[in-house]
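K.L.:
Numbering that gives the first Met the number 0 numbers the first residue of the sequence shown as 0 and each following residue consecutively.
The beta carbon of each residue, even a glycine, is placed where N, CA and C say it ideally should be.
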Amino acid sequence: MIGRLRGIVVECREDAVLLDVGGVGYVVHCSTATLARIPPPGETLILYTDLLVREDLMQLSGFLHPAECDLYRALLTVQGVGVRAAQSIVGTLGVRKAIQAISLGDWNAITAAQYIGKRIAQRVVNELKEKSTTLIERAESYAGFMPDSGAVSGVDPGEAGVGDAAGPVLAPDHSGSVSQADCILALVNLGYSRSDATRAVVTAVGDADDLDTEQVIRVALRSLGGNAER
Numbered sequence: 000m001i002g003r004l005r006g007i008v009v010e011c012r013e014d015a016v017l018l019d020v021g022g023v024g025y026v027v028h029c030s031t032a033t034l035a036r037i038p039p040p041g042e043t044l045i046l047y048t049d050l051l052v053r054e055d056l057m058q059l060s061g062f063l064h065p066a067e068c069d070l071y072r073a074l075l076t077v078q079g080v081g082v083r084a085a086q087s088i089v090g091t092l093g094v095r096k097a098i099q100a101i102s103l104g105d106w107n108a109i110t111a112a113q114y115i116g117k118r119i120a121q122r123v124v125n126e127l128k129e130k131s132t133t134l135i136e137r138a139e140s141y142a143g144f145m146p147d148s149g150a151v152s153g154v155d156p157g158e159a160g161v162g163d164a165a166g167p168v169l170a171p172d173h174s175g176s177v178s179q180a181d182c183i184l185a186l187v188n189l190g191y192s193r194s195d196a197t198r199a200v201v202t203a204v205g206d207a208d209d210l211d212t213e214q215v216i217r218v219a220l221r222s223l224g225g226n227a228e229r
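1. On the criterion of 16 or more Cβ atoms from any shown chain inside 10 Å, does Val23 qualify as buried, or is it exposed?
2. Measure the Cβ-Cβ separation of Ile115 and Ala66 and say whether it is below 8 angstroms.
3. What ranges does the beta strand (DSSP E) occupy inside the stretch 42-116, keeping only unbroken runs of at least 3 residues that lie completely in it?
4. Between the stretch 188-208 and the stretch 101-108, do three or more beta carbon pairs fall short of 8 angstroms?
5. Are there 16 or more other CB atoms within 10 angstroms of the CB of Asp55, so buried, or fewer, so exposed?
6. In chain order, what residues of the same chain lie with their CB nearer than 7 angstroms to the CB of Gly224, ignoring the 5 residues before and after it?
7. Do you know offhand how far Leu186's Cα is from Leu134's?
8. How far does the beta strand (DSSP E) with Glu13 in it reach, from first residue to last?
9. Return helix, strand or coil for Gly190, following the three-state DSSP convention.
10. Buried or exposed: which applies to Thr31, given that a residue is buried once 16 or more other Cβ atoms fall within 10 Å of its Cβ?
11. Between which two residues does the alpha helix (DSSP H) holding Val218 run?
12. According to DSSP, is Val27 helix, strand or coil?
13. Suppose contacts are defined by Cβ-Cβ distances below 8 angstroms. Is Gly61 in contact with Val16 by that definition?
14. Between which residues of its own chain and Asp49 is the CB-CB distance below 7 angstroms, once the five residues before and five after are set aside?
15. Quick check on Ala35: buried or exposed, where buried means 16 or more other Cβ atoms within 10 Å of its Cβ?
16. Ordered along the chain, which non-local residues of its own chain (more than five positions away) have a Cβ less than 6 angstroms from that of Ile37?
17. Grouping DSSP H, G and I as helix and E and B as strand, with all else coil, what is Arg5?
18. Leaving out five residues before and five after Val151 in sequence, what residues of the same chain have Cβ atoms less than 7 angstroms from its Cβ?
19. Using the three-state DSSP reduction, which class does Val177 fall into: helix, strand or coil?
20. Mind checking who Val20 pairs with in its DSSP beta bridge?
21. Along the alpha helix (DSSP H) that carries Ile135, what are the first and last residues, could you check?
22. Leaving out the 5 sequence neighbours to the left and right, which residues in its chain are closer than 7 angstroms to Ser178 when beta-carbon positions are compared?
23. Run the CB neighbour count on Val8, radius 10 Å, all protein chains shown included, and call it buried at 16 or more, exposed below.
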């Protein structure tokens with residue numbers, strides 16, 4: 000498995016970038032949104048990759064942040080979602096909005112991506128809803144930051160400077176300090192189901208302005224009422 004490439008941009012093609020890694024040229028397929036954020040030829044670029052291997056095909060798909068790659072891999076597990084559709088969902092919605100849509104069962108938001116109709120969008124929500132908490136936890140494990148749509152990137156999230164041109168993966172721009180995973184865990188410890196806790200926290204963070212962790216939990220508790228599993 001080729002999980003990460005660091006090299007020099009040779010050229011951008013219609014649906015891929017040619018990356019020179021130690022003298023070897025890798026063709027890495029990317030969404031339109033990712034290609035728009037690729038630096039010009041001659042610049043260094045880091046891509047997090049997934050290798051698709053079939054009897055007649057070996058194809059690399061690339062992303063600017065590992066959280067995007069994680070979401071892409073999860074989408075590929077959904078029946079009927081192929082490479083182009085998965086790339087389109089990640090590129091069009093981004094990690095935060097895609098996970099929010101999945102958590103809330105908002106299949107209509109998924110149809111904003113190209114190649115995704117109503118039936119496939121509903122399948123994405125239904126098959127990944129139970130995995131949404133895991134996706135949130137993994138996204139937040141990357142220090143909570145990814146490049147925003149206007150940023151030229153290629154910086155490893157562990158390297159200095161990534162926060163300078165980045166926005167939070169999951170929380171809205173005004174509330175990047177809130178860990179949704181911690182809020183969900185707190186509600187689960189109070190007796191709520193993981194799926195109900197996830198929906199309540201995602202809704203609270205998405206609807207409220209500038210809340211800290213304690214406030215998010217309070218808002219989520221109000222929406223849950225007394226439906227804890229005891």
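P.N.:
Looking at the coordinates:
1. Counting from 1 along the sequence shown, the entry for residue 23 is found at position 24. Classification for Val23: exposed.
2. Mapped onto the sequence shown, residue 115 falls at position 116. Mapped onto the sequence shown, residue 66 falls at position 67. Against a cut-off of 8 angstroms, the Cβ pair of Ala66 and Ile115 comes out as no contact.
3. Qualifying beta strand (DSSP E) stretches, in chain order: 43-53, 56-62.
4. The stretch 188-208 makes contact with the stretch 101-108; the number of CB pairs closer than 8 angstroms reaches 3 or more.
5. For this step, residue 55 is matched to residue 56 along the sequence shown. Burial call: exposed.
6. Residue 224 sits at position 225 when you count from the first residue of the sequence shown. Hits under 7 angstroms: none found.
7. Along the sequence shown, one-based indexing puts residue 186 at 187. Along the sequence shown, one-based indexing puts residue 134 at 135. Cα to Cα, the separation comes out at about 17 angstroms.
8. To locate residue 13, count along the sequence shown from 1; it is residue 14. No beta strand (DSSP E) holds Glu13; DSSP gives it neither H nor E.
9. For the purposes of this step, residue 190 is identified with residue 191 of the sequence shown, where counting begins at 1. Here DSSP, grouped into helix, strand and coil, assigns Gly190 to coil.
10. Mapped onto the sequence shown, residue 31 falls at position 32. Residue burial is scored here from C-beta neighbours: Thr31 has fewer than 16 other C-beta atoms within 10 angstroms and is therefore classed as exposed.
11. Against the sequence shown, residue 218 aligns to sequence position 219. Per DSSP, the unbroken alpha helix (DSSP H) holding Val218 starts and ends at 212-223.
12. As a position in the sequence shown, residue 27 is number 28, starting the count at 1. Here Val27 sits in strand by DSSP.
13. For the purposes of this step, residue 61 is identified with residue 62 of the sequence shown, where counting begins at 1. For the purposes of this step, residue 16 is identified with residue 17 of the sequence shown, where counting begins at 1. Yes, the Cβ-Cβ distance between Gly61 and Val16 is below 8 angstroms.
14. Numbered from 1 along the sequence shown, position 50 holds the residue referred to as residue 49. Result list for Asp49: Ser60, Cys68, Tyr71, Arg72, in chain order.
15. Here residue 35 refers to the residue found at position 36 of the sequence shown. Answer is exposed; the Cβ neighbour count stays below 16.
16. Taking the sequence shown and counting its residues from 1, one reaches residue 37 at position 38. For Ile37, where only same-chain residues beyond five positions count, the Cβ hits under 6 angstroms are Cys11, Val16.
17. For this step, residue 5 is matched to residue 6 along the sequence shown. Strand at Arg5.
18. The residue labelled residue 151 in the question sits at position 152 within the sequence shown. Annotation note: pLDDT 39 at Val151 (below 50); position unreliable, coordinate value reported separately. Arg36, Pro38, listed in sequence order.
19. Your numbering for residue 177 matches position 178 in the sequence shown. In the structure shown, Val177 sits in coil (DSSP, three-state: anything other than H, G, I, E or B).
20. Position 21 of the sequence shown, counted from the start, is the residue given in the question as residue 20. Answer by DSSP bridge pairing, in chain order: Val23.
21. Within the sequence shown, residue 135 is the residue found at index 136, counting from 1. Counting along the chain, the alpha helix (DSSP H) containing Ile135 begins and ends at 131-140.
22. Position 179 of the sequence shown, counting from 1, holds the residue named residue 178. Hits under 7 angstroms: Glu139, Thr212.
23. Locating residue 8 in the sequence shown gives position 9, where the first residue counts as 1. Around the C-beta of Val8, 16 or more other C-beta atoms lie within 10 Å, and the residue is accordingly described as buried.
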